[in-house]
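Asker: One structure follows; several queries about it will come next.
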Amino acid sequence: MKSRTFPATVESLAIIREYLTEFSAAAGLDKKQTYNLCLAVDEVVTNIFLYGYGKSGRKGVVEIYTEMDENQIKITVEDDSPPYDPTKQKLPDEEDLKKPLEERPIGGLGLFLTISNVDDFKYEYVNERNRNIFIVKRSSSE
Amino acid sequence: MGLQVMSEVTQGIAKVTLIGEVDSASAVIFKDEVDKVALQSPKEIVFFMKDLNFMSSAGLRVIVFAKQKLGSEVPIYIVNPQEGIIDTLQKTGLHHSVFIVDSYPVTG
């Protein structure tokens, strides 16, 4: 397992996507899987930066662990901002997604994209750290 | 990679070209451009996205904002978006409220 640390600021987002793209290429993910993984992680990391650290005014970092086996890749994002479980948030349902844009709230789509863009998404709070876990199956294992 | 946004309003049609990536760091540039063209009350707004490589929900929020700011009678065209962006528009249902087209002006 490898890891890399990034400052908790939105300027890190592009660098994180680049890091994940390189790892995805090494793992043999296709273009669509890579895009979807980058988007899923981007949404969660943005929340950590803007709300986890941003609201409390704290400076911090996120640590991103990458690992793969023959079946899947696993990305784990850890931070020590206040606990926040994305899996407990209300996501838009089918009816919400059919509403015309004029009737929609401006937000609420980020976590929906996270959960729908990877094969599995989990959250844990361990040793006072948020741990967001993203799983993508490798195509060769399907 | 960052984001470059160019815009013009001609004969009531606002054309906004996006190059690069829209995320929470760069979405403000996109929103500022929408604000700018909205001042001229366009009858259509067209987003050229051929060279846009990534768009997070921060970009979707700007599209929702554009619709709400300009009103439901002003159509939004999204021209030639890349596969990942089309997928995002479809998953989130935004494709019900915008026109995704291969070229603009729309032919055929």
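For the record, the sequence lines run as chains A and B.
Residues 1 to 142 in our numbering are what the first sequence spells out, letter by letter.
Residues 1001 to 1108 in our numbering are what the second sequence spells out, letter by letter.
Note that the Cβ used here is the ideal one computed from N, Cα and C, for glycine as well.
Which runs of the alpha helix (DSSP H), 4 residues or longer, sit entirely within the segment 27–84 of chain A?
Answerer: Complete alpha helix (DSSP H) runs here, min 4: 31–47.
Asker: Hey, A1058/B and V1037/B: beta-carbon distance below 8 Å or not?
Answerer: Locating residue 1058/B in the second sequence gives position 58, where the first residue counts as 1. Locating residue 1037/B in the second sequence gives position 37, where the first residue counts as 1. The answer is no: Cβ separation not under 8 Å.
Asker: Find the residues of chain B that neighbour K98/A, judging by a C-beta separation of less than 7 Å, and give them in chain order.
Answerer: Residue 98/A sits at position 98 when you count from the first residue of the first sequence. Under the 7 Å cutoff, chain B gives G1093 and H1096.
Asker: Within this structure, are the beta carbons of P1075/B and F1099/B separated by less than 8 Å?
Answerer: Sequence index remark: in the second sequence, residue 1075/B carries index 75 (1-based). Sequence index remark: in the second sequence, residue 1099/B carries index 99 (1-based). In contact: P1075/B and F1099/B (Cβ atoms closer than 8 Å).
Asker: Here's a check: name, in chain order, each residue in its chain whose Cβ is nearer than 8 Å to the Cβ of T87/A, leaving out the five neighbours to either side.
Answerer: Numbered from its first residue, the first sequence carries residue 87/A at position 87. Closer than 8 Å at Cβ, skipping near neighbours: I115, F121, K122 and Y123.
Asker: According to DSSP, is E1073/B part of a helix, a strand, or is it coil?
Answerer: For this step, residue 1073/B is matched to residue 73 along the second sequence. Residue state, collapsed to three classes: coil.
Asker: Comparing the C-beta of S1041/B with each C-beta of chain A, is any distance below 8 Å?
Answerer: Along the second sequence, one-based indexing puts residue 1041/B at 41. Chain A, which has no Cβ nearer than 8 Å to the Cβ of S1041/B, makes this no.
Asker: With three or more C-beta pairs closer than 8 Å as the rule, is the segment 1053–1067 of chain B touching the segment 36–46 of chain A?
Answerer: Counting Cβ pairs under 8 Å, three or more are found: they touch.
Asker: On a Cα-Cα basis, can you pick out the residue from V1028/B, G1002/B, G1012/B and Q1011/B that is closest to I1019/B?
Answerer: Position 19 of the second sequence, counted from the start, is the residue given in the question as residue 1019/B. Closest option to I1019/B, Cα to Cα, is G1002/B.
Asker: Along the chain, where does the beta strand (DSSP E) that runs through K2/A open and close?
Answerer: Numbered from its first residue, the first sequence carries residue 2/A at position 2. Where K2/A is concerned, the enclosing beta strand (DSSP E) stretches over K2 to P7.
Asker: Check the Cβ-Cβ distances between Q1004/B and every residue of chain A, and say whether any is below 8 Å.
Answerer: Residue mapping note: residue 1004/B aligns to position 4 of the second sequence, counting from 1. No - not a single Cβ of chain A is within 8 Å of the one on Q1004/B.
Asker: So the beta strand (DSSP E) Q1040/B belongs to, where does it begin and stop?
Answerer: Within the second sequence, the letter at position 40 stands for residue 1040/B. Unbroken run through Q1040/B: none, as it is neither H nor E.
Asker: Under a CB-based cut-off of 8 Å, is R58/A close to chain B?
Answerer: To locate residue 58/A, count along the first sequence from 1; it is residue 58. Taking Cβ atoms only, chain B never reaches closer than 8 Å to R58/A, which makes this a no.
Asker: Quick one: what's got a C-beta closer than 8 Å to S1007/B's C-beta in the same chain, skipping five residues either side?
Answerer: On the second sequence, residue 1007/B is found 7 positions in, with the first residue counted as 1. The residues are A1014, K1015, V1016, T1017, E1033, K1036 and V1037.
Asker: Expressed to the nearest angstrom, what Euclidean distance is found between the alpha-carbon atoms of L50/A and T1107/B?
Answerer: Within the first sequence, numbered from 1, the residue matching residue 50/A stands at position 50. Within the second sequence, numbered from 1, the residue matching residue 1107/B stands at position 107. Taking the straight line joining both Cα atoms gives about 42 Å.
Asker: For chain A, check one thing: does any of its Cβ atoms lie closer than 8 Å to the Cβ of A1014/B?
Answerer: Here residue 1014/B corresponds to residue number 14 of the second sequence, with the count starting at 1. Not one chain A Cβ lies under 8 Å of A1014/B.
Asker: Could you name the residues of chain A that E1083/B contacts, counting a contact when the two beta carbons are closer than 8 Å?
Answerer: Translated into the one-based positions of the second sequence, residue 1083/B becomes position 83. Correct list: K31, K32 and Y35.
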